[in-house]
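Throughout the sequence shown, residue numbering follows the numbering used here, covering 63 to 356 in sequence.
For every residue, glycine included, the Cβ atom is placed at its ideal position computed from N, Cα and C.
For reference, the structure discussed in these notes is given below.
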Amino acid sequence: MCSYNQISNTYSCENNRTLTGLLKGELGFQGCVTADWWAKQPTCGTLAANKGLGKMIPGGTVYGGNTFGSTLLNPVNSGQVSQAHLAIAACHLISPKRAAMTAPWPSGGVPGPYLVDPLSAVRAQALSVTVTSILSDGDTNGARNAARGKAVALVFISANSGEGYVTVRSNARDPNDLNAWHNGKLVQAVAPVNRNTIIAMNSIGLSDRSVYNNYLLSADYHGALDQQRQRSLGQEAGNAIVDIPWGNVNPSGRLPYTIAESPSDYPAQVTTGEGTINHSEELFIDYAIKCLSR
């Protein structure tokens, strides 16, 4: 899906360099590129099909004007868009693999047939031990009491965001900052009373871990497992999370970004609002920074 923003002063949905040169050329992507809702092709319009755009989002003129569909007939008949290109785009449209993500608010989310929550997954793994749980993320006293004296404490925290028309905890679009919800107060409540604290972080991307770094780095603690997770884990979310601390799978460490000790360690900082962003760090977004170490 191409988005709303411009890349080097060219809208992403009519950007031949990124859609055709990089995505389909260098990366070998063979699927269909669809425009996001209201994403613009102000320069090329229908001829964005020549730039790598394969499909407009459904909705026609209700959602900002449909430059494809019946509008595409004249450019094809006149030769401005080749029939060969149209055939390739059509092939990509009729033969996708079906996939769905489980999520409460994004427009791409759909309800799954079932959902394995983390607590159910923990109970299924820990059949021979007693599991005590607190399900309120604001009950720090209850969490502290539940964790005290236990062999292991698992703390689940998150940092998600909304999407345009849906505001989630004051996040109308992208996150307002890199903080975990409630600023990681659950971790700050549990870690001092349990030296074996495991932190499971459900995040759409990077997060500020400085609020609990002192527990991760202290020699008084055996350490904590911080799982950086993308949102929309799917219907097997609980099993996917629990499999790692139980040693059922190797997390492998294949993240597309570095988890730094502090936001100041990143060469690029959080920018909110609209406007032009000059990425002076270029591609060096994860190099030569101080990473968390024990």
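Drop a sphere of 10 angstroms on the beta-carbon of residue i, count the other beta-carbons inside from all chains shown, and report buried for 16 or more, exposed for fewer.
i	result
Y60	Because the chain here runs from 63 to 356, residue 60 falls outside it and cannot be looked at.
W243	buried
T105	exposed
Y73	buried
D270	buried
Just to confirm before moving on: does the CB-CB distance between residue i and residue j stay below 7 Å?
i	j	result
V252	A209	yes
S195	L216	no
A262	I321	no
N301	V178	yes
N78	K113	yes
A221	L248	no
V193	N258	no
Out of the options, which has the shortest C-alpha to C-alpha gap to residue i?
i	options	result
S324	S190, I260 and N241	N241
E225	V217, D236 and S70	D236
G116	T105, A101 and C94	C94
P329	I266, A151 and E343	E343
P254	V230, K212, D199 and I219	K212
L197	L189, I219 and A188	I219
M118	D270, I339 and T96	T96
Within the 7 Å Cβ cut-off, does residue i reach chain D?
i	result
N77	Looking for chain D here will not work: only one protein chain is present.
Check the DSSP bridge columns for residue i and list the partner residues they point to.
i	result
E76	Answer is none; E76 lacks a bridge partner.
I69	T72
K117	T96
E343	The partner list for E343 (beta bridge, DSSP) is empty, contrary to what the question assumes.
C64	A97
Helix, strand or coil: which one does DSSP assign to residue i?
i	result
C153	helix
L82	For clarity, residue 82 is Thr in the given sequence; the question names Leu instead. Note: T82 maps to helix in three-state DSSP.
T96	strand
V230	strand
The ligand COA and residue i: does the residue's C-beta get closer than 6 Å to at least one heavy atom of that ligand?
i	result
R231	Ligands are entirely absent from the displayed structure, and the ligand COA is therefore not among its contents.
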